[in-house]
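One structure below.
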Amino acid sequence: MLMELHTKLFLEFGDPQWWPGDTPFEVCIGAILTQNTSWSNVERAISNLKERSLLSPSAMTSVQANVLSEAIRPSGYYNRKAARLRAFCAYLLERYEGDLEMTRDVPVLDLRNELLAIGGIGNETADSILCYALDRPVLVIDAYTFRALSRIFGSCPELPERGSRGSYGTMQGLLMGLLKGDACLYNRFHALLVLLGKERCRTAPCCIGCPVGPMCWYASSGTEGRA
DNA sequence: GTCCAGGGCCTAC
DNA sequence: GTAGGCCATGGA
Numbered sequence: 156m157l158m159e160l161h162t163k164l165f166l167e168f169g170d171p172q173w174w175p176g177d178t179p180f181e182v183c184i185g186a187i188l189t190q191n192t193s194w195s196n197v198e199r200a201i202s203n204l205k206e207r208s209l210l211s212p213s214a215m216t217s218v219q220a221n222v223l224s225e226a227i228r229p230s231g232y233y234n235r236k237a238a239r240l241r242a243f244c245a246y247l248l249e250r251y252e253g254d255l256e257m258t259r260d261v262p263v264l265d266l267r268n269e270l271l272a273i274g275g276i277g278n279e280t281a282d283s284i285l286c287y288a289l290d291r292p293v294l295v296i297d298a299y300t301f302r303a304l305s306r307i308f309g310s311c312p313e314l315p316e317r318g319s320r321g322s323y324g325t326m327q328g329l330l331m332g333l334l335k336g337d338a339c340l341y342n343r344f345h346a347l348l349v350l351l352g353k354e355r356c357r358t359a360p361c362c363i364g365c366p367v368g369p370m371c372w373y374a375s376s377g378t379e380g381r382a
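Under my numbering, the first residue of the first sequence is numbered 156, with each subsequent residue one higher.
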């Protein structure tokens, strides 16, 4: 049934072609910068990095910390994020000579664990990097995912609440179990959920008028109470 | 002026 | 182990 939801969203919104970024490395940087921050602020920070020729692993690790912090200031938490960017770049240089292409043959779970071992990279950021920068079959679970699904399946007791213990893994396991697909499918499904939560469904508790129609679709599918 | 946004870490209990 | 605080900017 999640595939049905995916199909309905795809027909309504088309292919969102997410995530913005000229290169896989830029996508990784965006994933770190967007932590608890709106994308418009991240765009400013990335623009600054480009202007100052800092958008490379070697540049970020060699430049003075305060210069990097200043460049990403618009994204907020700039001191923390500067340290996180440098840690990620140091890992990339040390492990893969700064070349994301060299991660190609690394099993996805190994790669995920490597990313999680870097300070400042948690579940969401790691999965965003895996899915959107490295084309790995991983479904990103973020604030939009929780929001969109809670609106669609509002009364479903099996959906964990965002922030609750183990909610990330529970939600991810649930969705990936129901929606078995490749990187392209997970990429698009998550992007469509973001659009659903962002553009059409600002008004909680349910997206009345939304083309997908949370309750109308949910009820009409005859699967009330289950995700 | 207040709230919120595409998290994650640290610390006190 | 769990809850709460902290990091910080910019738009609505």
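Beta carbons are placed, not taken as given, at the ideal position from N, Cα and C, and that holds for glycine.
8 Å Cβ shell around residue i - same chain, five flanking residues per side excluded
{"i": "residue 347", "result": "161, 164, 165, 168 and 171"}
{"i": "residue 173", "result": "287, 342, 343, 345, 346 and 349"}
Assigned secondary structure, residue i (DSSP; H/G/I helix, E/B strand, else coil)
{"i": "residue 174", "result": "coil"}
{"i": "residue 201", "result": "helix"}
{"i": "residue 158", "result": "helix"}
{"i": "residue 216", "result": "helix"}
{"i": "residue 294", "result": "coil"}
{"i": "residue 344", "result": "helix"}
{"i": "residue 253", "result": "coil"}
Residue i versus residue j: straight-line alpha-carbon distance, rounded
{"i": "residue 330", "j": "residue 157", "result": "8 Å"}
{"i": "residue 175", "j": "residue 313", "result": "32 Å"}
{"i": "residue 311", "j": "residue 325", "result": "14 Å"}
{"i": "residue 205", "j": "residue 343", "result": "27 Å"}
{"i": "residue 341", "j": "residue 248", "result": "28 Å"}
{"i": "residue 319", "j": "residue 234", "result": "28 Å"}
{"i": "residue 339", "j": "residue 333", "result": "16 Å"}
{"i": "residue 203", "j": "residue 308", "result": "40 Å"}
{"i": "residue 187", "j": "residue 336", "result": "25 Å"}
Close beta carbons around residue i, own chain, < 7 Å, minus the five adjacent residues each side
{"i": "residue 244", "result": "212, 215 and 216"}
{"i": "residue 299", "result": "348, 349, 352 and 353"}
{"i": "residue 196", "result": "229, 230 and 231"}
Residues of its chain near residue i, where Cβ-Cβ distance is below 6 Å and the 5 sequence neighbours each way are ignored
{"i": "residue 192", "result": "230 and 231"}
{"i": "residue 263", "result": "291"}
{"i": "residue 301", "result": "317"}
Proximity to residue i [Cα-Cα], best of the options
{"i": "residue 261", "options": "289, 234 and 187", "result": "289"}
4 or more residues per run - each alpha helix (DSSP H) lying fully within the region 276-339: 278-283, 298-307 and 322-333
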